[in-house]
Amino acid sequence: MKLLRSASAGAKVRQDLMVVLHPAEAGVHIIIESTVQSLFEAAIRSAAEDVLSRYQIEHCQVEIYDFGALDFVVKARVETAVRRAIEGDTI
Amino acid sequence: MRNFLFIPGNNPKMLTNADFLGSDAIVFDLEDAVPLSEKDAARILTKNAVETLQYQTKFGIRINAVDTEFWTSDVHDLLTLDPDFVILPKVNGPDCIHMLVSEMEQVQTADGRPITTKVIALLETAIGIEHAYEIARADSRVVALLLGAEDLTADLRALRTKKGDEILYSRSRILCAARAAGIEVYDTPFTDVEDSDGLRDDAVLAHQLGFTGKAAINPRQIAAINRAFMPTGEELDYAREVLSALEEAQKSGKGAFALHGKMIDAPIVNRAKQVLEIAAAEKA
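Protein chains in written order, with this note's numbering: chain A, 1 to 91; chain B, 1 to 284.
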């Protein structure tokens, strides 16, 4: 599936994260900044990749600014950003 | 339920803690607690939370009203979780209920079963209050009415006060309507979360009037609401007397019996059992 536009979701507050998604030329590039980087960067990346794979997004740049979000929050915010990027003005 | 606690559907911290806050039920709020730009985010976050966290507490979802562009997505995306109940806001007449139930009947759980979700109608307009009985009887899924005083007083052009004179008619009307229809009825939240005395008085009044319980908007309100809806010593004594008299009557082979000169029938016996169950649950 192709991204139509850039989109974002979430918030830069405790136990949440901000996800910013951009269309890209080739491949999936995930950049993560986290308050718990050393412990959870791999888990955050895996959660994001899981959602991107589910939506068959093969070309994108993902910026994640994490503030200690649990796994289900990471997946929810990535999914929200993806749906905003592939659909119209979705609410 | 003596209480249910509204949790903003787009707040990860509150969703994570919701199961540990001690309420009888949680309501994931997709309506007033969520700005228009974040309705999709709240829907997705709430769904992920329920699927991942496996809440032990009974839960419901307040969806958006049927005159919005959001409500059908709320129903189709979230009622697949088969919540215990859905709260429909801005119910002005039975047609709102019919629209919701018609949409609900198209939804199935992940394993293909029809959902069993019940409906609580939130009455918060003058026309909704006036149609309370028709709304209560609109469908077998409707199990309760809930009063929404903040929006209601705006519609009435009344001043919202803690004393609540401006909503006394509305409280009484939906109480009568719910009881006449044989369903439960819940009182409006007390919105000053810093005023514990005011909350106590408001909850005690709601109990005295006959409400089943009261909505909460802050976890700190739960204990006070539970205390207000606890049976009094007098109610407990009477309940024990009723069940003791029932036992004696059954031993004597009597079908009907009287207590203090009053005939005791099934609703009174059931009420006595409920009173003792509520007291026992609070002690546990």
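Positions of the beta carbon are idealized from the N, C-alpha and C atoms, including for glycine. For clarity, every value in this text was computed on a predicted model and none was experimentally measured.
Check: Could you give the distance in angstroms between the alpha-carbon of B:Lys58 and the alpha-carbon of B:Lys162?; Outcome: 29 Å
Check: Report all residues from its chain with a CB closer than 8 Å to the CB of A:Glu49; omit the five preceding and five following residues, and keep chain order.; Outcome: Val28 and Ile30
Check: Tell me the DSSP secondary structure of B:Met1 in three-state form.; Outcome: coil
Check: What first and last residue would you give for the beta strand (DSSP E) that runs through B:Gly60?; Outcome: Lys58 to Arg62
Check: Return the chain-ordered list of same chain residues with a C-beta closer than 6 Å to the C-beta of A:Pro23, the five sequence neighbours on each side being excluded.; Outcome: Leu3
Check: Using Cβ-Cβ distances below 8 Å, what residues of the segment 59 to 85 of chain A are close to chain B?; Outcome: Ala69, Leu70, Asp71, Phe72, Val73, Lys75, Ala76, Arg77, Glu79, Thr80, Arg83 and Arg84
Check: What does a CB cutoff of less than 7 Å around B:Val91 pick up in its chain, not counting 5 residues either side in sequence?; Outcome: Ile97, Ala121, Leu122, Leu123, Gly128 and Ile135
Check: Counting pairs of Cβ atoms below 8 Å between the segment 3 to 18 of chain A and the segment 58 to 77 of chain A, do you hit three or more?; Outcome: yes
Check: Quick check: is the beta carbon of B:Pro89 nearer than 8 Å to any beta carbon in chain D?; Outcome: Among the chains of the structure shown, chain D does not appear; the protein chains present are A and B.
Check: Taking all protein chains shown into account, do 16 or more other C-beta atoms lie within 10 angstroms of the C-beta of A:Met1, making it buried, or fewer, making it exposed?; Outcome: exposed
Check: Which word fits B:Thr116, buried or exposed, when buried means at least 16 other C-beta atoms lie within 10 angstroms of its C-beta?; Outcome: exposed
Check: Given a threshold of 16 other Cβ atoms within 10 Å of its Cβ, counted over all protein chains shown, does B:Ala25 qualify as buried or as exposed?; Outcome: buried
Check: Pull up the distance between the alpha-carbon of A:Gly10 and that of B:Leu100, whole angstroms please.; Outcome: 29 Å
Check: For A:Ile57, name the three-state secondary structure that DSSP assigns.; Outcome: coil
Check: Mind listing, in chain order, the continuous alpha helix (DSSP H) runs of no fewer than 4 residues lying wholly within the segment 8 to 56 of chain A?; Outcome: 37 to 54
Check: Between B:Lys251, B:His76, B:Thr80 and B:His131, which has its C-alpha nearest B:Pro94's C-alpha?; Outcome: B:His131
Check: Under 8 Å between the Cβ atoms of B:Glu51 and B:Pro89?; Outcome: no
Check: In whole angstroms, what separates the C-alpha of B:Leu293 from that of B:Asn218?; Outcome: Residue 293 of chain B falls outside the range modelled here, since chain B spans only 1 to 284, and no answer is possible.
Check: Listing by chain order, which chain A residues have their CB less than 7 Å from the CB of B:Lys262?; Outcome: Here the premise fails: no neighbours, minimum Cβ distance about 55 Å.
Check: So who's on the other strand from A:Tyr65, going by DSSP bridges?; Outcome: A:Met18 and A:Glu33
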